[in-house]
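Written below as structure tokens is the structure these notes are about.
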Ligand SMILES: Nc1ncnc2c1ncn2[C@@H]1O[C@H](COP(=O)(O)OP(=O)(O)O)[C@@H](O)[C@H]1O
Ligand SMILES: [Mg+2]
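Chains as they are written, first to last, in the UniProt record's numbering: chain A, 1 to 289; chain W, 1 to 246.
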């Protein structure tokens, strides 16, 4: 039982990172990014290329992955979404769908469709927490990474000038531009942060299972569930959402077998949409008209 | 006279390729001048200011023809952020502040130029112009009163060191007392800092005290232009703005 809870918590941490990527992009860039799953997988494959195929030293692998992902974020905005400014949201969503299948094609051409095992930075990946309760090093790392990302995001949006400008642009991009804010760079930053969180989640998941485009992609898509629980716009709301999905999926699989994995997340999505489409923890608008 | 700070020539603004909101307008604003644009709803006043201050890529409006020059430099059709770089700052008609940001964050969102010391100095100066800001620093701007939001919008604009400050309908939806406050502030900006203003205003009584020149806009063009005193005393304006409608 405790073992299951630990497993659920570790899974929740990964979902929290995925949900963060969904919410950040929706809120800052105004895009419901259906390519989130594909980008999760892409991040993991890039990491694997540096780590396993090329066998680069670990610091180079980490920095190289980060740099590549950030550059991809910049390219994504500059070549695609900047050109779509002013289009209705459904056009942007369709563009992300196109992006997702382009990335999928690119990935299977470059890396094939076989599941892979990634080179590991350490030996002895299993850590015993208590008698009979264990997790992997990657599970622990995922938890720590999620905590760090959420704490850093909180501080960034609250205290840093850049973070405040991102919130300003997210609320009203025209007013932001009239106020001298470089809105295009805000969007680039939005993509960069979202893709980084997505890559971390993809890599952690691949270490705990195996690296396959399909597996990581599916995780990324299920990650809209924790984002929806938070109303798609609340970063804080992702945390309870991730816990709900993590628990539902872990216990669902335990009770009903592996096929419950996808079902659990989508059941939560349906329930949220039916009961509270604005999200269980959607942020209240402070306004006075 | 010197070259005007702002020169607008044959400016035509349209939305989505279709309707023309501003039709071949010429306008000069000199350094230190306060220029007033009057006109009925839908006359094209907002579109004129937007055509000068620039449309964002996400908007439907665009400058279809004509020229906008600032200090002699051609800046026609540039996006708002570039115009801010040229010293042209607009306080828009709607959504003047970021409602979900606190008052303090609204000010911090303004990308100020200059070194730390001079930024601090300008911030202090602006806050002392609008003392309510100090007490409301941590309040979400959406909870401010309409007048305070207007002043916060102006304060944010001042942090960008405008050479030309454009204010669209400063008195819209405000109580008479709030209108007084806003115009007192504009007045002191002009008196103390020699600020160049281009304002759109329906409240002629409020604007009369500070305007040097005035233009009456009708269906996208200037129907009447001249020194503010003459234009505002004209039969047409008295009848429309100081008579029944105000
Ligand atoms: N975003 C817009 N899209 C389409 N038409 C617009 C838009 N904004 C203004 N217009 C049109 O342009 C004309 C002038 O509007 P506006 O400049 O807002 O006038 P005013 O500020 O004098 O009330 C109106 O006919 C209005 O319908
Ligand atoms: Mg208007």
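Just so it is clear, CB atoms sit at the ideal spot from N, CA and C, and this is done for glycine as well. Note that this is a predicted model, so its numbers are computed, not measured.
Buried or exposed by the 16-neighbour rule on C-beta atoms within 10 Å, applied to residue 123 of chain A: exposed
7 angstroms Cβ cut-off: residues of chain W touching residue 172 of chain A: 95, 98
Within chain W, the residues that residue 85 of chain A reaches when beta carbons sit closer than 8 angstroms: 56, 57, 58
Residue 206 of chain A classed as buried or exposed, judged by whether at least 16 other C-beta atoms fall within 10 angstroms: buried
Test item, CB below 6 angstroms from any non-hydrogen atom of ligand 1: W:15, W:19, W:21, W:39, W:41, W:42, W:43, W:44, W:45, W:46, W:47, W:60, W:61
Chain W within 8 angstroms of residue 233 of chain A, Cβ atoms only: no
Check whether residue 24 of chain A and residue 168 of chain A have beta carbons under 8 angstroms apart: no
Contacting positions in the segment 148 to 165 of chain A - beta carbon closer than 7 angstroms to chain W: 161, 164, 165
Boundaries (first-last residue) of the beta strand (DSSP E) holding residue 12 of chain W: 6 to 15
Beta-carbon proximity list for residue 106 of chain A, same chain, < 6 angstroms, skipping 5 on both sides: none
Cα-Cα separation between residue 280 of chain A and residue 194 of chain W, rounded to whole angstroms: 52 angstroms
DSSP three-state assignment for residue 21 of chain W, whether helix, strand or coil: strand
Three-pair Cβ contact test at 8 angstroms for the segment 229 to 240 of chain W versus the segment 204 to 214 of chain W: yes
C-alpha distance - residue 128 of chain A paired with residue 113 of chain A, whole-angstrom precision: 34 angstroms
Neighbour flag for residue 175 of chain A against chain W, beta carbons, 8 angstroms: yes
Nearest-angstrom Cα separation, counted from residue 163 of chain W out to residue 43 of chain W: 26 angstroms
Same chain, Cβ closer than 7 angstroms to residue 4 of chain W, five either side skipped, listed in chain order: 28, 29, 30
Close beta carbons around residue 21 of chain A, own chain, < 6 angstroms, minus the five adjacent residues each side: 36, 194, 197, 198
Reduced DSSP secondary structure (H/G/I, E/B, other) of residue 209 of chain W: coil
With 16 other Cβ atoms within 10 Å as the buried cut-off, status of residue 74 of chain W: exposed
Residues from the segment 154 to 184 of chain W in contact with chain A, defined by Cβ distance under 7 angstroms: 156, 160
Within 8 angstroms, strictly: CB atoms of residue 210 of chain A and residue 115 of chain A: yes
Three-state secondary structure (DSSP) of residue 77 of chain A: helix
Interface flag, residue 101 of chain W vs chain A, CB-CB below 8 angstroms: yes
Pick from A:64, A:66, A:32 that is closest to residue 100 of chain A, judged by C-alpha positions: A:32
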